[in-house]
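Trainee: Chains as they are written, first to last, in our numbering: chain S, 1 to 83; chain V, 1001 to 1415.
For every residue, glycine included, the Cβ atom is placed at its ideal position computed from N, Cα and C.
In this text the structure is predicted, and so the values were computed from the model without any measurement.
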Amino acid sequence: MIVILAAVAALTAPPPGATACSGCHGAPGSALPSLRGKSEADILAAMTAFRTGARPATVMDRIAKGFSEDETRAIAAWLGSRK
Amino acid sequence: MIGRRTVLAGAAASAFAAPALAAAKPKVVVIGGGFAGVAAARELQRQGVAVTLVEPNPTYIACPFSNEVLVGLRELSAQSFGYDAVRRQGVAIKRASVTGVDPTAKRLTLSDGSKLNYDRAVLTPGIDINFTGLKGYDEAASEFLPHAWKAGPQTNLLRRQLEAMDDGGVVLISAPANPFRCPPGPYERASLIAWWLKTHKPRSKLIILDAKDAFSKQRLFQNGWTALYPGMVEWVGLSSGGKVIEVDAKARTLITDFGKHTGAVVNVIPPQRAGKIAQAAGAADRTEWCPIDPVSFESKLLTNIHIVGDACIAGGMPKSAFSANAQAKACATAVAALLRGQPAPPVKLINTCYSLMSPTYGISVAGVYAPANGLLTDVPNAGGTSPLDAPAAVRASEAAYAQAWFKTITAETFG
Ligand SMILES: Cc1cc2nc3c(=O)[nH]c(=O)nc-3n(C[C@H](O)[C@H](O)[C@H](O)COP(=O)(O)OP(=O)(O)OC[C@H]3O[C@@H](n4cnc5c(N)ncnc54)[C@H](O)[C@@H]3O)c2cc1C
């Protein structure tokens, strides 16, 4: 049973923090921007700009500051790989 | 009430339980189909785990945005969600409530008398209104003085009372001590009622009697009340005699150490505790909430039982639908890992609570959390509230984001 589960879960296990983003970011057509179809590079660049304050925001600045560069990279890679 | 005896009787019977087949796929049972339970069940299913969700109601009525229902901005039907999409995804749904938990046999007793075995269980019963925690405020009293802290008939009752009130009446809100469900909720409620009174019953007043001296987004709320509803909203904190110690429901009167307040409409937000089944199972400690490990979300009192959402002690995280959803998905990842024989991975969580002070005036508080010293703790230099001095356009976009958040999270949970 361990083998079967490991095979399924290895594909989908999200990095820390990544599943919390979809609380706000969902399908296109919302006032909250959808992240679907966004590339890893775009997400990483936006998160970095929010964290440093280079990009003004209502809430993303407060959220992005809670993640280290490594954590942000892992989240961007995971989100960027989803359709 | 489910007594301790049920649990013990279950434990005795467990000695005769047949051992699970070694080859069987591990099975997780989620108890409760609210924001936490549904998110946990769906994420577990996504990660390849066989899940059964036990929930007694065919329809879930969501609390976020129920303050808008109070003032006619939306109807309760817009708060109601079914479980069809959850079932279609492959989560088995059992329409029953759990009445007994036997952690030794890893078996649940359901309200229809049947039993359900699990390898791990996720317990998400939300809150129980503590009808013995405030003198004079029992279930019968709540039919006169609604709490409206579980959305449903209580919400509509409070709405009808507000609609029936004469112009010039006083609305009283009694706010509880921490911890309780939705820390900014009482103050959002006060704001939206004031917004509605301003147009419909402009000579009326609203007084919040509070059992604490500080509350969530306090400066933002207080500045907003002054700017939007001057002279209409009064907040009385603990040290000014705000703590309600007794309720006289028939007289619509709230009694504090400093005196009596009678209202035309009285909303008592009573003390709360973890859902009944958590108390019965022995998952709650002396605080009547459930201590958990912040990485695995496993109960500190019961093994193989994980607890997320309002029922758990989540350290710095408030009891919110956002928190419940975020915790549930992280918990599902932990449970799936543990079932594979791997340790629970590191945890990082987000919470954001939007509040509306009017339909076009939104404010928020956000936080990022990580385990530290056995609790989920605020990550320093992150999070915080909306700025105190934001222009109207920012308040308007936060109000729009608030609405969008509710659509997104309910679509993710129930859609
Ligand atoms: C007025 C108000 C406004 C709010 N606004 C917001 C907001 O803007 N944003 C926000 O994030 N949060 C908000 N909240 C808070 C939010 O509603 C809760 O934090 C959230 O519902 C918690 O989710 P939960 O799954 O832990 O509990 P619940 O949503 O209460 O779900 C618990 C479920 O478990 C089931 N259950 C209970 N016992 C059993 C049993 N024995 N067996 C089987 N099933 C059982 C119940 O039927 C229920 O479906 C608000 C709350 C209120 C009252």
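Going residue by residue through the segment 1216-1304 of chain V, where are the continuous alpha helix (DSSP H) segments of at least 4 residues, counting only ones entirely within it?
Mentor: Here the runs fully enclosed are 1218-1228, 1276-1281.
Trainee: Classify residue 1187 of chain V as helix, strand or coil using the three-state DSSP reduction.
Mentor: DSSP places residue 1187 of chain V in helix when its eight states are reduced to three.
Trainee: Can you give, in chain order, each stretch of the beta strand (DSSP E) that sits fully within the segment 1350-1379 of chain V and has at least 3 residues?
Mentor: Complete beta strand (DSSP E) runs here, min 3: 1361-1372, 1375-1378.
Trainee: Is the segment 1311-1323 of chain V touching the segment 1180-1189 of chain V, taking contact as three or more C-beta pairs under 8 angstroms?
Mentor: As far as the Cβ criterion goes, the segment 1311-1323 of chain V touches the segment 1180-1189 of chain V, which means the pair count is three or higher.
Trainee: Kindly list the residues whose CB is nearer than 6 angstroms to the CB of residue 1339 of chain V, restricted to its own chain and excluding five residues on each side of it in sequence; keep chain order.
Mentor: Excluding positions up to five away in sequence, the list reads 1026.
Trainee: Counting along the chain, where does the alpha helix (DSSP H) carrying residue 80 of chain S start and finish?
Mentor: From DSSP, the alpha helix (DSSP H) with residue 80 of chain S extends over 69-80.
Trainee: Can you check which of these residues, V:1310, V:1305, V:1323, V:1315, is closest to residue 1334 of chain V by C-alpha distance?
Mentor: For residue 1334 of chain V, the nearest C-alpha among the options comes from V:1305.
Trainee: By alpha-carbon positions, which one of V:1203, V:1291, V:1311 ends up nearest to residue 1125 of chain V?
Mentor: It is V:1311.
Trainee: Tell me the rounded alpha-carbon separation between residue 1285 of chain V and residue 1315 of chain V.
Mentor: Spanning the two alpha carbons is a distance of roughly 14 angstroms.
Trainee: Name the chain S residues that come within less than 8 angstroms of residue 1349 of chain V, Cβ to Cβ?
Mentor: 17, 20, listed in chain order.
Trainee: Nearer than 6 angstroms: is that true of the beta carbon of residue 1186 of chain V relative to any heavy atom of ligand 1?
Mentor: No.
Trainee: Return the CA-CA distance between residue 1234 of chain V and residue 1187 of chain V, expressed in angstroms with no decimal places.
Mentor: Their backbone Cα atoms lie some 11 angstroms apart in a straight line.
Trainee: For residue 14 of chain S, go through chain V and note every residue whose CB falls closer than 7 angstroms to its CB, in chain order.
Mentor: 1333, listed in chain order.
Trainee: Can you look up residue 1140 of chain V in the DSSP assignment and give me helix, strand or coil?
Mentor: Coil, per DSSP.
Trainee: If you draw a straight line from the C-alpha of residue 1117 of chain V to the C-alpha of residue 1107 of chain V, how long is it?
Mentor: Rounded to whole angstroms, residue 1117 of chain V to residue 1107 of chain V spans 4 angstroms at the Cα level.
Trainee: Could you compute how far the alpha carbon of residue 1191 of chain V sits from the alpha carbon of residue 1229 of chain V?
Mentor: Rounded to the nearest angstrom, the two C-alpha atoms are 8 angstroms apart.
Trainee: Look up residue 1400 of chain V in the DSSP assignment and say whether it is helix, strand or coil.
Mentor: Of the three classes helix, strand and coil, the one that applies to residue 1400 of chain V here is helix, per DSSP.
Trainee: What is the rounded straight-line gap between the Cα of residue 1017 of chain V and the Cα of residue 1369 of chain V?
Mentor: Legend: pLDDT at residue 1017 of chain V = 39, less than 50; position of this residue unreliable, value from coordinates given subsequently. Looking at the two C-alpha atoms, the distance is approximately 41 angstroms.
Trainee: State the DSSP-derived secondary structure class of residue 1461 of chain V, mapped to helix, strand or coil.
Mentor: Since the first and last residues shown for chain V are 1001 and 1415, residue 1461 of chain V lies out of range.
Trainee: Kindly list, in the order they appear in chain S, the residues whose Cβ is closer than 8 angstroms to that of residue 1411 of chain V.
Mentor: Result: 26, 27.
Trainee: With 9 angstroms as the C-beta to C-beta threshold (strictly closer), list the residues of the segment 1058-1091 of chain V near chain S in chain order.
Mentor: Cβ contacts with chain S come from no residue of the segment 1058-1091 of chain V.
Trainee: Quick one: is residue 1403 of chain V buried, meaning 16 or more other Cβ sit within 10 Å of its Cβ, or exposed?
Mentor: By the neighbour-count rule (16 or more Cβ atoms within 10 Å), residue 1403 of chain V is buried.
Trainee: Please confirm whether residue 949 of chain V and residue 1148 of chain V have their CB atoms less than 7 angstroms apart.
Mentor: Outside the displayed range of chain V (1001 to 1415) lies residue 949 of chain V, so it cannot be described from this structure.
Trainee: Mind checking who residue 1094 of chain V pairs with in its DSSP beta bridge?
Mentor: Paired residue(s): V:1054.
Trainee: Helix, strand or coil: which one does DSSP assign to residue 1070 of chain V?
Mentor: Helix, per DSSP.
Trainee: Please list the terminal residues of the continuous alpha helix (DSSP H) segment that includes residue 44 of chain S.
Mentor: From DSSP, the alpha helix (DSSP H) with residue 44 of chain S extends over 40-52.
Trainee: Which of the three DSSP states is assigned to residue 1028 of chain V in this structure?
Mentor: It is a strand residue.
Trainee: Please state whether the Cβ-Cβ distance between residue 1281 of chain V and residue 1122 of chain V is less than 7 angstroms.
Mentor: Contact flag unset, no.
Trainee: What are the residues of the segment 32-45 of chain S that lie near chain V, defined by any Cβ-Cβ distance shorter than 8 angstroms?
Mentor: Flagged, chain order: 32.
Trainee: For residue 1174 of chain V, report the span of its beta strand (DSSP E) as first-last.
Mentor: Per DSSP, residue 1174 of chain V belongs to the beta strand (DSSP E) from 1170-1175.
Trainee: Run through the DSSP bridge pairs and tell me what residue 63 of chain S is partnered with.
Mentor: Residue 63 of chain S pairs with nothing; no bridge assigned.
Trainee: Between residue 1122 of chain V and ligand 1, is the CB less than 6 angstroms from at least one heavy atom?
Mentor: False, no ligand heavy atom lies under 6 angstroms from that Cβ.
Trainee: Please tell me whether residue 1336 of chain V and residue 1049 of chain V are closer than 7 angstroms, where the distance is taken between their beta carbons.
Mentor: A contact, by the Cβ cut-off of 7 angstroms.
Trainee: Quick one: is residue 80 of chain S near chain V, going by C-beta distance under 7 angstroms?
Mentor: Not closer than 7 angstroms to any Cβ of chain V, the Cβ of residue 80 of chain S fails to qualify, so no.
Trainee: According to DSSP, what are the bridge partners of residue 1126 of chain V?
Mentor: Paired residue(s): none; residue 1126 of chain V is not in a bridge.
Trainee: Classify residue 1077 of chain V as buried or exposed, calling it buried when 16 or more other Cβ atoms lie within 10 Å of its own Cβ.
Mentor: Answer is exposed; the Cβ neighbour count stays below 16.
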